[in-house]
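Numbering (the working numbering), first residue to last: 56 to 152.
Right, here's the structure in full:
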């Protein structure tokens, strides 16, 4: 069962504001979602799928008609509000609390 603290942490990670009075509704919603997804545990797989995991592989496609390097560089650099030397500064989006 999800807790209010877990909902608050998830909301903070998703950058979503959740009002204190809505926490109970979200806890119930998460519990319903987890119960639904939990149905996968009871799924019976055919015997030939229970063996080894499939091999992982990357799938690439041919890059047709690529944009020449530097085509949009000046416009991108001009769009940044902050620069530091040759670097473009962006707002920190990941925090380790």
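Beta carbons: idealized from backbone N, C-alpha and C, even for Gly.
Span separating the alpha-carbon of residue i from that of residue j
i          : j           : result
residue 98 : residue 107 : 17 Å
residue 78 : residue 114 : 42 Å
residue 70 : residue 120 : 37 Å
Three-way DSSP call (helix, strand, coil) for residue i in this model
i           : result
residue 142 : strand
residue 137 : strand
residue 124 : coil
residue 85  : helix
residue 130 : helix
residue 110 : coil
Cβ-based burial, residue i [other Cβ within 10 Å; buried from 16]
i          : result
residue 62 : buried
residue 81 : buried
Nearest-angstrom beta carbon gap, residue j and residue i [assumed within contact, 8 Å]
i          : j          : result
residue 57 : residue 86 : 6 Å
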